[in-house]
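Asks: Input: one structure, supplied below.
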Ligand SMILES: NC(=O)c1ccc[n+]([C@@H]2O[C@H](COP(=O)([O-])OP(=O)(O)OC[C@H]3O[C@@H](n4cnc5c(N)ncnc54)[C@H](O)[C@@H]3O)[C@@H](O)[C@H]2O)c1
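Numbering (the numbering used here), first residue to last: 174 to 442.
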């Protein structure tokens, strides 16, 4: 169902790789709600090709950008304003990658070049995106910037590896940048802490299958899907949540506040 919540709003959506991506589902929902946007992803993801289908479906242009590269980001921000015809109202940072996870290195055996690369892509890139937007004065007042995170920033999930540290940093950047962006430009900055979701990034985590079933059984409302996450993001891009900023918002069916569920107790009784 569409409510025209984003009619007339413009933005940038990072991270739509394929139709399972949280960013993909969000782009579809933003389009349904009347928003216009530029799609972006790392040049390597372009070669994998599927983003073009989404661009056609939503009438969007694609500008490749490596989110760790300041020059790419400045170009993206400037060109997006030209294409969309004005300053921006929303930005979704939906980017994550750990080289240690990919290469099967345990948390106690990190290769620090890999750690640094993963941190740059998954965490520092959020600061880089916002600094580029800020310096170009690219956001309209009451605009909304969102990044996606996971609860491993607060609690230990052993196989989440160094991504846990990256997410803790990402959430801190949202608070710190949110202060300056709020004070000086009336722009909101938040992170959404999403349930485990079967995407390319999600499935890269060891033991993901067991883990997603466990989260499902532990969450009173069940896991939040990528489509649910898109709906929540729409509400945070809309004018209905103007005073929500500098928050880490759990979107997980209640998982984060559940000590144990009846289903899990029964398994162990
Ligand atoms: N899937 C889950 O279980 C889950 C749970 C909570 C949070 N998240 C977060 O949601 C976000 C989106 O991930 P997803 O699950 O939709 O997976 P996904 O694999 O579909 O998306 C990750 C995206 O990051 C992009 N990316 C990687 N390196 C990049 C770079 N240098 N520059 C620009 N883009 C780059 C990839 O191309 C891809 O599009 C991530 O931040 C992830 O950590 C995922």
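Glycine residues also receive a C-beta, built at the ideal position from the N, C-alpha and C atoms.
No experiment lies behind these values; they were computed from the predicted model shown.
Quick check on residue 369: buried or exposed, where buried means 16 or more other Cβ atoms within 10 Å of its Cβ?
Replies: Your numbering for residue 369 matches position 196 in the chain shown. The residue in question, residue 369, is buried, as its Cβ has 16 or more Cβ neighbours within 10 Å.
Asks: Might you give, ordered along the chain, the residues of its own chain that have their beta carbon closer than 6 Å to the beta carbon of residue 247, omitting 5 neighbours on each side?
Replies: Here residue 247 corresponds to residue number 74 of the chain shown, with the count starting at 1. Same-chain partners within the cutoff: 305.
Asks: Considering residue 264, what are the terminal residues of the beta strand (DSSP E) in which it resides?
Replies: As a first step, residue 264 is located in the chain shown; it is residue number 91 there, counting from the start. Per DSSP, residue 264 belongs to the beta strand (DSSP E) from 261-266.
Asks: Ligand 1 heavy atoms versus the CB of residue 239: any closer than 6 Å?
Replies: Mapped onto the chain shown, residue 239 falls at position 66. Checking every heavy atom of ligand 1 against the Cβ of residue 239, one is found closer than 6 Å.
Asks: Going by the DSSP bridge assignment, what does residue 361 pair with across the sheet?
Replies: As a first step, residue 361 must be located in the chain shown, where it is residue number 188. Answer by DSSP bridge pairing, in chain order: 317.
Asks: Just to confirm my understanding: we take residue 339, look at its own chain, exclude 5 residues before and 5 after, and list those with CB closer than 8 Å. What are they?
Replies: As a working mapping, residue 339 is identified with position 166 in the chain shown. The answer, listed in chain order, is 269, 271, 291, 292, 295 and 296.
Asks: State the DSSP-derived secondary structure class of residue 217, mapped to helix, strand or coil.
Replies: If you number the chain shown from 1, residue 217 lands on position 44. Three-state DSSP puts residue 217 in a helix.
Asks: Are the CB atoms of residue 357 and residue 322 nearer to each other than 7 Å?
Replies: Taking the first residue of the chain shown as position 1, residue 357 is located at position 184. Taking the first residue of the chain shown as position 1, residue 322 is located at position 149. Cβ atoms of residue 357 and residue 322: not closer than 7 Å.
Asks: Can residue 174 be considered in contact with ligand 1, in the sense that its beta carbon sits closer than 6 Å to one or more heavy atoms?
Replies: One-based indexing of the chain shown puts residue 174 at position 1. Not under cutoff, so the answer is no.
Asks: For residue 387 and residue 280, I'd like the C-alpha separation in whole angstroms.
Replies: Here residue 387 refers to the residue found at position 214 when the chain shown is read from its first residue. Here residue 280 refers to the residue found at position 107 when the chain shown is read from its first residue. Their backbone Cα atoms lie some 22 Å apart in a straight line.
Asks: Please name the residue in 301, 186, 278 and 220 whose C-alpha comes closest to that of residue 377.
Replies: Taking the chain shown and counting its residues from 1, one reaches residue 377 at position 204. Of the listed residues, the one whose Cα sits closest to residue 377 is 278.
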